[in-house]
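Going by this note's numbering, the sequence shown wraps up at 319, each residue one higher than the last. A virtual CB, placed ideally from N, CA and C, is assigned to each residue, including glycine. Have a look at the structure below, then the notes.
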Amino acid sequence: MKIDILTLFPEMFTGFLNESIIKRAIEKGSVNVNICNFRDYTLDPHGKVDDTPFGGGNGMVLMCQPIFDAVEALKTEDSLVIMMTPDGVKYEQEKAYELANNKHLIILCGHYEGFDERIRSIVDLEISIGDYVLTGGEIPAMVVSDSVIRLLDGVIARESHLNESFNDNLLDYETYTKPRDFRGMLVPDVLLSGDHKKIQDFREKSRYNRTKERRSDLLR
Ligand code: ADE
């Protein structure tokens with residue numbers, strides 16, 4: 100998979116791309132991530148990418164020209180163009196699975212008061228990561244990229260996806276590691292029993308009970 104991220108703040112992505120699982124996925128060639136500064140595409144002699152809103156009001160609005168030109172330069176017939184915006188459809192695990200089947204994602208990160216409305220005409224999908232407003236689309240773009248990259252073949256063990264939260268509309272089961280007794284809090288005996296059937300039953304119940312307790316909306 101290839102992911103092109105269009106942003107005015109490329110350095111925000113340095114840590115994200117150079118640590119842990121994402122770094123390894125890039126090194127292995129499971130994903131190719133390209134951070135593109137769309138200021139490089141502006142035709143304005145002063146490097147301008149935004150301007151005041153017609154009709155008045157606060158803030159600056161991202162202009163069409165640099166973003167249209169950047170997307171047109173990067174786009175192929177395999178591309179899906181995504182805009183990060185609080186006005187988009189709410190992002191969920193199911194969408195991460197869907198996006199992981201694409202060959203090429205182009206992700207637009209807004210800043211300031213947002214995008215000129217006409218930019219939406221070149222976008223296939225608008226995504227919000229939740230009902231709150233961030234200073235820009237960079238963190239949302241990392242959220243979406245991270246959730247997609249970890250699903251790509253060879254990035255993490257396939258079995259790790261089986262019981263994780265939101266699969267089958269259930270949260271993950273509870274887990275423990277050494278020591279067995281920490282300040283009087285004990286690991287459930289069944290996990291030390293070596294009985295795989297009982298352990299599996301315990302984990303299934305754990306998933307169901309946690310979901311019922313914390314996210315009963317998922318069970319409906
Ligand atoms: N940009 C600012 N806030 C956002 C959000 N919640 N989701 C996606 N993009 C955003």
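Alpha-carbon to alpha-carbon, residue j and residue i
i      : j      : result
Leu142 : Asn266 : 46 Å
Glu273 : Glu258 : 16 Å
Arg248 : Arg309 : Reading off the sequence shown, one finds Ile at residue 248, where the question assumed Arg. Taking the straight line from one Cα to the other gives about 27 Å.
Val232 : Pro144 : 32 Å
Thr184 : Asp223 : 13 Å
Ile269 : Asp280 : A small fix is needed here, since residue 269 is Leu in this sequence, not Ile. Going by the C-alpha atoms only, they are around 28 Å apart.
Ala195 : Leu250 : 8 Å
Ser305 : Asp271 : 8 Å
Leu105 : Ala169 : 8 Å
Asp186 : Gly155 : 21 Å
Ala240 : Gln192 : 15 Å
Asp150 : His210 : 12 Å
Met159 : Val148 : 9 Å
Leu291 : Lys277 : 11 Å
Lys189 : Ser246 : 14 Å
Phe153 : Glu176 : 34 Å
Gly114 : Asn262 : 28 Å
Arg138 : Met100 : 25 Å
Ile221 : Gly235 : 19 Å
Identified DSSP bridge partners for residue i
i      : result
Ile104 : Ile134 and Ile206
Lys189 : Ser227
Gly235 : His210
Residue i (DSSP reduced to helix, strand or coil)
i      : result
Met162 : coil
Ile255 : coil
Thr175 : coil
Thr184 : strand
Gly213 : coil
Asp150 : strand
Gly155 : coil
Gly114 : helix
Leu142 : coil
Val170 : helix
Ser220 : helix
Ser129 : coil
Ala124 : helix
Ala199 : coil
Residue i beta carbon near the ligand MN (any heavy atom closer than 8 Å)
i      : result
Gly158 : Absence of the ligand MN from the depicted structure is noted, with the ligand ADE being the only ligands included.
**Request:** May I ask you to verify whether the region 151-166 touches the region 193-200, counting CB pairs closer than 8 Å and requiring at least 3?
**Result:** no
**Prompt:** Three or more beta-carbon pairs under 8 Å between the region 217-227 and the region 121-134, yes or no?
**Reply:** no
**Message:** To test your reading of the DSSP string, which unbroken beta strand (DSSP E) runs of 3 or more residues are found completely within the region 237-318?
**Reply:** none
**Prompt:** Is there contact between the region 166-182 and the region 110-121, where contact requires at least three CB pairs shorter than 8 Å?
**Reply:** no
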